[in-house]
Amino acid sequence: MKNITVKYGSEMHTVTIGAGATIGQIIKDCTCKVVLGYGDNVKALVSGVEQSLDSIPSDGTTISLETKANQKAK
41 MKNITVKYGS
51 EMHTVTIGAG
61 ATIGQIIKDC
71 TCKVVLGYGD
81 NVKALVSGVE
91 QSLDSIPSDG
101 TTISLETKAN
111 QKAK
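Residue numbers (my numbering): 41 to 114.
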């Protein structure tokens, strides 16, 4: 089990996850969404670097979420 902190804006929430859980699974977790108040249009950053949703975070990692920029349709 790993402890991961998810941060959105000024709010933070720590979750305990299994060893193989991905960043995508963590940010799609309903509990995190409700506690922190974010939607589906977010990107995950670790130390300021955008992460793939398939990445597996290390124990103690802080994942910062930011709203993705909207793009106009072509």
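Cβ coordinates follow ideal geometry from the N, Cα and C atoms, glycine included.
Backbone CA spacing between residue i and residue j [nearest angstrom]
i	j	result
glycine 100	leucine 85	14 Å
isoleucine 57	glutamine 65	10 Å
alanine 61	glutamate 90	17 Å
threonine 102	asparagine 110	25 Å
aspartate 80	glutamate 51	17 Å
Distance CB(residue i)-CB(residue j) smaller than 7 Å
i	j	result
threonine 107	valine 75	no
serine 95	isoleucine 63	yes
lysine 47	serine 104	yes
cysteine 70	histidine 53	no
Residues bridged to residue i (per DSSP)
i	result
asparagine 110	Partner(s): none; asparagine 110 has no beta bridge.
serine 104	Lys47, Leu85
Supposed close pair residue i, residue j - CB separation, criterion 8 Å
i	j	result
isoleucine 44	valine 55	5 Å
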